[in-house]
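Everything in the sequence shown is counted per my numbering, starting at 1101 for the first residue and increasing by one. Glycine residues also receive a C-beta, built at the ideal position from the N, C-alpha and C atoms.
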Amino acid sequence: MLRCLLSLFTVVCLVGSTAAAQSPKRPNVLFIAMDDLNDWTGCLGGHPQARTPNLDRLAASGMLFSNAHCAAPACNPSRTAIFTGQAPHRSGLYDNRQDMRTVLPDAEIMPKVFSRHGYHSAGSGKLLHYFIDAPSWDDYFPEAAKENPFPRTLYPEQRPLSLPRGGEWQYIETDWGPLNATDAEYGGDHLVAEWIAGQLARPHEQPFFLACGLYRPHEPWFVPQQYFEPFPLESIELPPGYKADDLDDLPPEGQRRGPNRYFAHIQKHGQWKQGIQGYLASIYFADTMLGKVLDALDNSPHAGNTIVVLWSDHGWHLGEKQHWQKFTGWRVCTRVPLIIRVPPGTTGLMAGTSPANCSQPVSLLSLFPTLLELCGLPAESSHDGPSLLPLLRDPQAQWPHHALTSLADPGSYSISGDRWRLIHYNNGDEELYDIETDPHEWTNRATDPAAANMLNDLRALAPQTFATKR
Ligand SMILES: [Ca+2]
Ligand SMILES: [Ca+2]
């Protein structure tokens, strides 16, 4: 009996000391979304005039993934994939018109999972597609119950300001121009950044998952005048990826999906450079709001114990392939900025990240399992993406993965490997690009016999089944 008690005592002591040794304070997570930001950042070099000093300083202090791709090139499916960890071709949520809670009524999204594990989950601004999903958060700004993620935002009284309506087809927000307003008068992302900064400044008893959804550079491109000033119209350079005859070597489906009415309409009204100016100004504004958030973290008691993740939900065309907007499988649209900074002492990565550039192909689908692993929380069996931990430890690590981007119609997708990219349309048309020699995807190699092996290698990575769109 005594022996039994002694054994029990020993076990209790061992368990107790092991638990104490293995459960340091869990890291916090600052999860920052930017909307419709392509590679027009200083650190990715997509446009020579892009002004993103804050994004660049974050990149310089963490790991920049320069070959990161969205799970889908539109807000709703991309964000749903990020927040549920489920790929569109498995969840069945492929486009902006589907309602996340109709398609996935029971999916536990990221803030809810963190809350279940003892975190305080708070968010502000656009994180999901124009709704908040109030039951998944402990706190939100604006008020979660209203399900409107946007604080008050200043817009011109008379609209459209810059681009006349071309017809019913035209998205009402395709419009741009400077506002005679301060950041405070403007509101919008400024208020989001201020609220997030307030959350960072206060003490927290629990670890926190704090999500900051910056809405610019999503349209409309109205931001205060000061953000337009570095980009005078006469200085504006056209997108480096634009090539007038770029469509000539595309299969019929690529030729159909490239040109859209927006770009033709914008050119007809002489607004191409004004549009580029509006996008650059909106990026600069969003970056400045990001700077407020990063400064607040640096000046807070949580700076040394907070993982920072920054992502954009997909890229954006400004005339490349005669296209304006998103929704395509080309790299300009699937590639996104992604930065992860892990402080030393973090549960799942004690060494933290070293400043580095990782060029291996990764998907935003990996963010959820990566964060769970970094925070020492159990993996979720419903998650599709591989955790990025091997790359956060060593950006040159063996990485036998690729990034799949699902287009809105099931069976159409792009696959991004470490060097080559395949675009497959569900009518069978294909495009193949060598990103190392052709980063703007000007030369389709799908019918080039010298690239046949590459084509076959990428084809072999395609999903075999696609969930029905619901
Ligand atoms: Ca978006
Ligand atoms: Ca071409």
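Name the residue from the options whose alpha carbon lies nearest to the alpha carbon of residue i.
i	options	result
Glu1319	Gly1378, Glu1294, Gln1299	Gly1378
Phe1308	Val1408, Cys1170, Asp1557, Thr1141	Val1408
Leu1489	Met1163, Leu1155, Lys1212, Pro1153	Met1163
Leu1155	Ile1132, Pro1148, Cys1175, Ala1174	Ile1132
Pro1457	Leu1449, Glu1473, Ala1451, Ile1439	Looking at the sequence provided, one finds Asn at residue 1457 rather than Pro. The residue with the shortest Cα to Cα distance from Asn1457 is Ile1439.
Ala1524	Glu1353, Trp1424, His1417	Looking at the sequence provided, one finds His at residue 1524 rather than Ala. Closest option to His1524, Cα to Cα, is Glu1353.
Ala1159	Pro1455, Pro1539, Ala1187	Pro1455
Gly1313	Phe1241, Leu1263, Pro1339, Lys1368	Phe1241
Lys1343	Arg1157, Glu1420, Pro1153	Glu1420
Ile1068	Ser1482, Lys1426, Asn1360	Any property of residue 1068 remains undetermined from this structure, which presents the chain solely from 1101 to 1570.
Asp1199	His1189, Thr1180, His1217, Thr1537	Thr1180
Asp1345	Pro1437, Leu1449, Glu1541	Glu1541
Leu1333	Ile1376, Gly1358, Asn1556	Ile1376
Gly1391	Ala1293, Gly1485, Pro1486, Cys1433	Ala1293
Phe1427	Asp1398, Gly1146, Pro1173, Ser1166	Pro1173
Ala1364	Gly1267, Leu1467, Pro1153, Gln1498	Gly1267
Gly1452	Leu1474, Phe1468, Arg1356	Leu1474
Leu1350	Pro1127, Ala1150, Glu1530	Glu1530
Tyr1230	Leu1477, Lys1246, Leu1449	Lys1246
Pro1249	Leu1193, Arg1259, Ser1382, Asp1233	Asp1233
Lys1125	Ala1550, Tyr1219, Gln1367	Tyr1219
Ala1551	Gln1564, Pro1563, Ile1535, Ala1562	Ile1535
Trp1321	Leu1491, His1402, Tyr1271	Tyr1271
Gly1288	Pro1278, Pro1264, Pro1251	Pro1251
Asn1526	Leu1555, Gly1225, Asp1494, Ala1562	Ala1562
Leu1467	Gly1476, Leu1449, Pro1486	Pro1486
Leu1380	Arg1441, Pro1256, Leu1418, His1217	Leu1418
Leu1279	Asp1398, Ser1382, Gln1367	Ser1382
Ala1361	Gln1425, Pro1317, Glu1305, Gln1306	Checking the sequence shown, residue 1361 turns out to be Arg, not Ala. Closest option to Arg1361, Cα to Cα, is Gln1425.
Leu1472	Pro1437, Ala1244, Leu1449, Ser1459	Leu1449
Gln1355	His1304, His1423, Pro1303	His1423
Asp1275	Arg1259, His1290, Trp1140	Arg1259
Glu1305	Pro1127, Asp1494, Asp1348	Pro1127
So residue i packs on residue j, CB below 8 Å; how close in whole Å?
i	j	result
His1414	Cys1170	4 Å
Lys1513	Gly1429	For the sequence presented, residue 1513 should be read as Tyr rather than Lys. The Cβ separation is near 7 Å, so the contact holds.
Ala1281	Leu1254	5 Å
Ala1168	Leu1227	18 Å between Cβ atoms; not a contact.
Leu1532	Arg1545	4 Å
Leu1465	Gly1185	7 Å
Val1213	Glu1480	7 Å
Asp1136	Ser1412	7 Å
Asn1138	Trp1520	Not a contact, Cβ separation roughly 20 Å.
Pro1461	His1501	7 Å
Arg1151	Pro1330	6 Å
Arg1201	Ala1567	Not quite, the Cβ-Cβ distance comes to about 17 Å (not below 8 Å), so this is no contact.
Thr1434	Ser1516	7 Å
Pro1510	Lys1569	6 Å
Pro1188	Pro1205	17 Å between Cβ atoms; not a contact.
Leu1397	Ala1403	6 Å
Ala1301	Ser1400	6 Å
Ser1459	Ser1215	Actually they do not touch by this definition, with Cβ atoms about 35 Å apart.
Pro1256	Gly1277	7 Å
What do you reckon, is the C-beta of residue i under 7 Å from a heavy atom of ligand 3?
i	result
Pro1148	This structure lacks ligand 3; the ligands present are ligand 1 and ligand 2.
Using 8 Å as the Cβ pair cut-off and three pairs as the minimum, do the stretch 1439–1453 and the stretch 1380–1392 touch?
The stretch 1439–1453, when compared against the stretch 1380–1392, does not touch it at the 8 Å Cβ threshold.
Unbroken alpha helix (DSSP H) runs of length 4 or more, entirely within the stretch 1274–1305: which are they?
1283–1286, 1289–1301
Tell me the start and end of each unbroken beta strand (DSSP E) in the stretch 1333–1417 that is at least 3 residues and wholly inside, in chain order.
1406–1412
Near ligand 1, which residues have their beta-carbon closer than 6 Å to a heavy atom?
Asp1135, Asp1136, Cys1175, His1318, Asp1413, His1414
Quick check on the contact list: which residues have their beta carbon closer than 5 Å to a heavy atom of ligand 2?
This selection yields Asp1346, Asp1349, Trp1542.
Any alpha helix (DSSP H) of 4 or more consecutive residues that is wholly inside the stretch 1496–1569:
Within the stretch 1496–1569, the complete alpha helix (DSSP H) segments of 4 residues or longer fall at 1552–1559, listed in chain order.
Say whether the stretch 1503–1522 touches the stretch 1204–1216, bearing in mind that this needs 3 or more beta-carbon pairs closer than 8 Å, one atom from each stretch.
no
What beta strand (DSSP E) runs, 3 residues minimum, are completely inside the stretch 1176–1237?
1220–1225
Check whether the stretch 1362–1382 touches the stretch 1294–1305, counting contact only when three or more Cβ pairs, one atom from each stretch, lie closer than 8 Å.
no
Could you pull out every unbroken beta strand (DSSP E) segment of at least 3 residues lying fully inside the stretch 1143–1170, listed in chain order?
1163–1169
Three or more C-beta pairs below 8 Å linking the stretch 1272–1291 and the stretch 1325–1334
yes
Could you say if the stretch 1332–1340 and the stretch 1229–1240 meet the contact criterion of at least three C-beta pairs nearer than 8 Å?
As far as the Cβ criterion goes, the stretch 1332–1340 does not touch the stretch 1229–1240, which means the pair count is below three.
Uninterrupted alpha helix (DSSP H) stretches inside the stretch 1459–1483 (no shorter than 4 residues)
1467–1474
Which runs of the beta strand (DSSP E), 3 residues or longer, sit entirely within the stretch 1420–1446?
1435–1441
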